[in-house]
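What follows is a short report on a single structure.
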Amino acid sequence: MTAIVETKNLTRYYGEQLALNHLNLQIPVGAVYGFIGPNGAGKTTTMRILTTLLQPSGGEAWVAGLSVTQQRAEVRRVVGFMPDSFGFYNNMTAAEYLDFFAAAYHVPPARRRALIDDLLALVDLAHKRDSDVMSLSRGMKQRLSLARTLIHDPQLLILDEPASGLDPRARVELRELLRELRRLGKTIMISSHILTELAEMCTHIGIIERGTLLASGDVETIMRSLRPHRTFAIHVISDIATAAEIASTADHVLAVRTINDDGPPRIEVDIDGDDHAVSALLARLVSNGTAIIHFAAQTGNLEEIFLKVTEGIVGS
Ligand SMILES: Nc1ncnc2c1ncn2[C@@H]1O[C@H](COP(=O)(O)OP(=O)(O)OP(=O)(O)O)[C@@H](O)[C@H]1O
Numbered sequence: 246m247t248a249i250v251e252t253k254n255l256t257r258y259y260g261e262q263l264a265l266n267h268l269n270l271q272i273p274v275g276a277v278y279g280f281i282g283p284n285g286a287g288k289t290t291t292m293r294i295l296t297t298l299l300q301p302s303g304g305e306a307w308v309a310g311l312s313v314t315q316q317r318a319e320v321r322r323v324v325g326f327m328p329d330s331f332g333f334y335n336n337m338t339a340a341e342y343l344d345f346f347a348a349a350y351h352v353p354p355a356r357r358r359a360l361i362d363d364l365l366a367l368v369d370l371a372h373k374r375d376s377d378v379m380s381l382s383r384g385m386k387q388r389l390s391l392a393r394t395l396i397h398d399p400q401l402l403i404l405d406e407p408a409s410g411l412d413p414r415a416r417v418e419l420r421e422l423l424r425e426l427r428r429l430g431k432t433i434m435i436s437s438h439i440l441t442e443l444a445e446m447c448t449h450i451g452i453i454e455r456g457t458l459l460a461s462g463d464v465e466t467i468m469r470s471l472r473p474h475r476t477f478a479i480h481v482i483s484d485i486a487t488a489a490e491i492a493s494t495a496d497h498v499l500a501v502r503t504i505n506d507d508g509p510p511r512i513e514v515d516i517d518g519d520d521h522a523v524s525a526l527l528a529r530l531v532s533n534g535t536a537i538i539h540f541a542a543q544t545g546n547l548e549e550i551f552l553k554v555t556e557g558i559v560g561s
């Protein structure tokens, strides 16, 4: 794994208050890294340090191998930052807004027009090119702000709570845009205190609370470490009690539940074996006459992971 972001014992005090406590974080190149934690956990502090806007009190951090304390100008060239509140100016069109930032990043005037048109097209705002930024919806402002962070073609995008305050449609558009940016080779770090906002968007997650990283890694690995067995939902149209009995005698099966709710008749099987054990379970059911119409692994969601990881810590 090549890490684009790495922190070592990153620590930050505000006066007496410890906001970040020896944070050791790694974000692989190409990841969409969801940085999750409740209000005041230290997400913004971490992001501001990674973007060189804030100095750590201790420890170190690197972005694309560059030190955020020693090589600040170089770091700024490879990072695009979207803060949680964005400032817009009155009497400026979307194109003028981007032109202003392109000039600030020393993009030569001859290249600016094409760059701005490309960015507006990417964030689906070409039709708002000449509209006053103050007239744009919150979702559009969010996308324009994202276009601004892309002006200098950074490798890493750091987005602080980009989905907050967006309606469901704007959120879907944001998710699609992030997917597109990932396809374009960007690594994305994105924070939220609402887990479901990040579900489906992330390849990796880090969970932070009170300045401490509680878990970090790819979503699958974290799920597996929290839930050592897998659960399969099996919908049957033959006798369900018989199916449950057959399943319970298969190797590696820990528990079988018969589900009788409003949904289709089904059993849920907890199994701690590998894929061979799963396939043997299916074969056993079928060879013993169970009529199966659906067989699928249950996937937990980020909400579940978060609650497990923070068990005993939240509210203690
Ligand atoms: N400028 C500051 N002065 C004093 N304390 C601060 C300052 N900025 C942040 N803090 C404190 O540091 C801790 C971490 O704050 P931070 O803003 O990094 O958390 P966060 O996870 O981004 O929270 P939120 O989701 O509310 O933005 C909090 O306890 C906060 O009160």
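For the sequence shown, the working numbering begins at 246 and goes up steadily by one.
Glycine included, every Cβ here is placed at the ideal spot set by N, Cα and C.
Whose CA, out of the options, lies closest to the CA of residue i?
i                 : options                        : result
arginine 529      : Glu490, Ile504, Arg388, Leu419 : Glu490
lysine 431        : Ser437, Gln387, Thr448         : Thr448
asparagine 336    : Gly310, Asp329, Arg357, Asp377 : Asp377
threonine 290     : Thr457, Asp517, Thr476         : Thr457
glycine 462       : Asn254, Tyr259, Asn269, Glu513 : Asn269
glycine 304       : Val313, Thr296, Leu298         : Val313
tyrosine 334      : Glu261, Leu381, Ala248, Pro407 : Leu381
phenylalanine 280 : Gln300, Val250, Leu263, Trp307 : Val250
leucine 370       : Asn254, Leu401, Ser390, Glu465 : Ser390
leucine 364       : Ala348, Thr394, Ala355, Gly384 : Thr394
aspartate 329     : Gly410, Leu360, Ala286, Ile450 : Gly410
alanine 486       : Gln300, Asn533, Asp398         : Asn533
leucine 499       : Ser483, Gly508, Ile482, Gly518 : Gly518
glutamate 319     : Glu418, Ala340, Ala415, Thr297 : Thr297
arginine 293      : Gly310, Arg317, Gln271         : Arg317
leucine 443       : Asn284, Thr338, Ala340, Arg416 : Arg416
glycine 310       : Leu401, Gln387, Ala366         : Leu401
serine 437        : Arg475, Pro283, His521, Tyr258 : Pro283
tyrosine 350      : Leu526, Asp398, Trp307         : Asp398
leucine 423       : Arg374, Glu341, Arg388         : Arg388
alanine 522       : Arg475, His497, Ile537, Lys373 : His497
With a threshold of 16 other CB atoms inside 10 Å of the CB of residue i, please say whether the residue is buried or exposed.
i              : result
glutamate 421  : exposed
leucine 552    : exposed
glycine 560    : Because glycine 560 sits at a pLDDT of 40, beneath the cut-off of 50, its placement in the model cannot be relied upon, and the following sentence gives the value as read from the coordinates. Burial call: exposed.
aspartate 405  : buried
methionine 379 : exposed
proline 353    : exposed
leucine 506    : Contrary to the premise, residue 506 reads as aspartate rather than leucine in this sequence. With fewer than 16 other Cβ atoms within 10 Å, it is exposed.
proline 413    : exposed
glutamine 543  : exposed
alanine 541    : exposed
aspartate 344  : buried
alanine 241    : Residue 241 lies beyond the stretch modelled for the chain, which goes from 246 to 561, so this question has no answer here.
glycine 260    : exposed
alanine 348    : exposed
leucine 429    : exposed
threonine 494  : exposed
valine 368     : buried
alanine 355    : exposed
proline 473    : exposed
alanine 366    : exposed
glycine 451    : buried
Using only the heavy atoms of ligand 2, determine whether one of them is closer than 7 angstroms to the beta carbon of residue i.
i           : result
glycine 282 : Absence of ligand 2 is noted for the structure shown, with ligand 1 being the only ligands found.
Any idea what DSSP makes of residue i, helix, strand or coil?
i                 : result
histidine 351     : coil
isoleucine 504    : strand
glutamate 406     : coil
alanine 541       : strand
aspartate 515     : strand
glycine 560       : Any reading at glycine 560 must be qualified, since the residue scores a pLDDT of 40, below 50, and its modelled position is unreliable; the value itself is stated next. Correct three-state label for glycine 560: coil.
leucine 527       : helix
leucine 552       : helix
alanine 415       : helix
threonine 247     : coil
valine 313        : coil
phenylalanine 346 : helix
Would you grab the beta carbon distance between residue i and residue j for me? Rounded to a whole angstrom, and I think it's under 8 angstroms.
i              : j              : result
isoleucine 504 : isoleucine 516 : Contact doesn't hold; Cβ gap of about 16 angstroms is too wide.
histidine 539  : proline 510    : Rounded, the Cβ-Cβ distance is 11 angstroms, inconsistent with contact.
valine 274     : threonine 247  : 5 angstroms
isoleucine 467 : alanine 460    : 6 angstroms
valine 324     : isoleucine 403 : 6 angstroms
alanine 286    : glutamate 425  : That belief does not hold up - the Cβ atoms of alanine 286 and glutamate 425 are roughly 29 angstroms apart, past 8 angstroms.
proline 407    : isoleucine 435 : 6 angstroms
arginine 374   : alanine 340    : 5 angstroms
Is residue i close to chain C, meaning its C-beta is less than 8 angstroms from at least one C-beta of that chain?
i          : result
serine 390 : Protein chains in the displayed structure number just one, and chain C is not present.
Which residue spans inside the region 253 to 311 form an unbroken alpha helix (DSSP H) run of at least 4? 288 to 295
Runs of beta strand (DSSP E) lying entirely within the region 418 to 496, each at least 3 residues, in chain order: 432 to 437, 449 to 454, 457 to 463, 475 to 481
Scan the region 352 to 399 and note each continuous alpha helix (DSSP H) run of 4 residues or more that stays entirely inside, going in chain order. 354 to 367, 383 to 394
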